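Novice:
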């Protein structure tokens with residue numbers, strides 16, 4: 001393992017898509033995407049998002065990830081703000097055939113892990129001919 | 133010629149930056165932009181009557197890999213972000229998340245009680261609550277009628 005010092009990155013704002021109902025900003029989460037023989041796995045950094053605040057959707061090969069973040073407390077006064085707070089949103093075109101019923105998602109320590117199992121190839125079906 | 137005699141020049145710069153931010157915030161009527169550059173992790177510092185709060189986004193960092201120390205008004209956040217290696221037969225399409233070490237030294241903008249510091253880590257966000265000393269807490273002053 002190489003010892004590397006982490007560099008801070010400003011969050012990148014997600015391109016606006018229609019008007020949002022909730023006010024606030026939306027950012028693009030950093031992701032890792034890798035493929036195993038069985039599945040496509042997506043890992044996204046979404047600090048401040050708990051499991052019940054994630055909305056996932058896969059429709060016509062378009063995968064949408066949305067994580068909601070609670071706005072900062074009104075009772076506190078911000079003195080120094082280095083990072084912005086807002087929701088997370090990102091879309092991906094998924095090329096592979098995915099078995100939608102077996103998608104698994106988990107959120108731990110602000111990291112979303114999404115496992116999209118590949119659909120089994122359409123197996124040749126044998127048609128039985130019933131004799132009457 | 134020394135300009136800052138007994139002041140920390142960086143804190144002065146910080147203060148200036150904050151004032152500038154405040155100015156722009158008032159003009160634009162929107163939230164100030166995060167400062168460029170800096171050190172990982174980026175932090176937000178807020179306050180209420182009793183506490184100073186330091187927050188940092190550290191997704192996927194295990195609490196046991198975090199080391200927080202407070203000394204002479206300086207808060208030091210040290211740690212490591214580890215990304216577990218996947219099996220050998222994986223093929224990466226995107227790799228945007230980064231792993232590595234970090235060390236952030238913050239000069240706190242207000243006095244705190246070093247014996248009353250609490251740190252909590254939830255959903256990848258670290259929150260350090262530092263209590264103000266009793267003697268500097270803002271006190272409500274009652275106005276007596278004649």
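Chains as they are written, first to last, in our numbering: chain A, 1 to 132; chain B, 133 to 278.
We treat Cβ as the ideally placed atom computed from N, Cα and C, and that holds for glycine.
This one's a predicted model, so the numbers in the text were calculated from it and none came from an experiment.
#1: At a CB-CB cut-off below 8 Å, which residues of chain B make contact with residue 93 of chain A?
#2: Could you check whether the region 89–102 of chain A touches the region 176–190 of chain B, counting it as contact only if at least three pairs of C-beta atoms, one from each stretch, sit closer than 8 Å?
#3: So if I threshold CB-CB distances at 7 Å, which residues from the region 238–251 of chain B count as touching chain A?
#4: How about the region 16–32 of chain A and the region 93–110 of chain A: do they share at least three Cβ pairs that are nearer than 8 Å?
#5: Would you call the CB atoms of residue 213 of chain B and residue 32 of chain A closer than 8 Å?
#6: Hey, out of A:61, A:85, A:77, A:62, whose CA is closest to residue 69 of chain A's CA?
#7: Under 8 Å between beta-carbons, which chain E residues line up against residue 4 of chain A? List them in chain order, please.
#8: Against chain B, which members of the region 78–107 of chain A pass a CB distance test of less than 7 Å?
#9: Compare the C-beta of residue 52 of chain A against all C-beta atoms of chain B and say whether one is closer than 8 Å.
#10: Is the CB-CB distance between residue 206 of chain B and residue 262 of chain B below 8 Å?
#11: Check the Cβ-Cβ distances between residue 7 of chain A and every residue of chain B, and say whether any is below 8 Å.
#12: Any idea what DSSP makes of residue 102 of chain A, helix, strand or coil?
#13: How many angstroms separate the CA atom of residue 133 of chain A from the CA atom of residue 39 of chain A?
#14: Going along the chain, which residues of its own chain have a beta-carbon closer than 8 Å to the beta-carbon of residue 268 of chain B, five neighbours each way excluded?
#15: Name, going along the chain, the residues of the region 30–47 of chain A whose beta-carbon falls closer than 9 Å to a beta-carbon of chain B.
#16: Would you say residue 76 of chain A lies against chain B (beta-carbon separation less than 8 Å)?
#17: Compare the C-beta of residue 26 of chain A against all C-beta atoms of chain B and say whether one is closer than 8 Å.
#18: Would you call the region 228–240 of chain B in contact with the region 2–16 of chain A, where contact means no fewer than 3 C-beta pairs closer than 8 Å?
#19: Would you list, in sequence order, the uninterrupted beta strand (DSSP E) runs of no fewer than 3 residues that lie entirely inside the region 25–67 of chain A?
#20: With DSSP as the reference, label residue 175 of chain B as helix, strand or coil.
Specialist: In short, the structure shows the following:
#1: What residue 93 of chain A touches in chain B: nothing, since even the nearest Cβ is about 11 Å away.
#2: no
#3: 241
#4: no
#5: no
#6: A:85
#7: Although the question refers to chain E, the structure presented lacks it and instead comprises the protein chains A and B.
#8: 78, 79, 80, 81, 82, 83, 84
#9: no
#10: no
#11: yes
#12: helix
#13: Nothing about residue 133 of chain A can be reported from this structure: the residues present for chain A run from 1 to 132 only.
#14: 242, 243
#15: 30, 31, 32, 33, 34, 35, 36, 37, 40, 41, 42, 43, 44, 45, 46, 47
#16: yes
#17: no
#18: yes
#19: 31–35, 39–45, 54–59, 62–67
#20: strand
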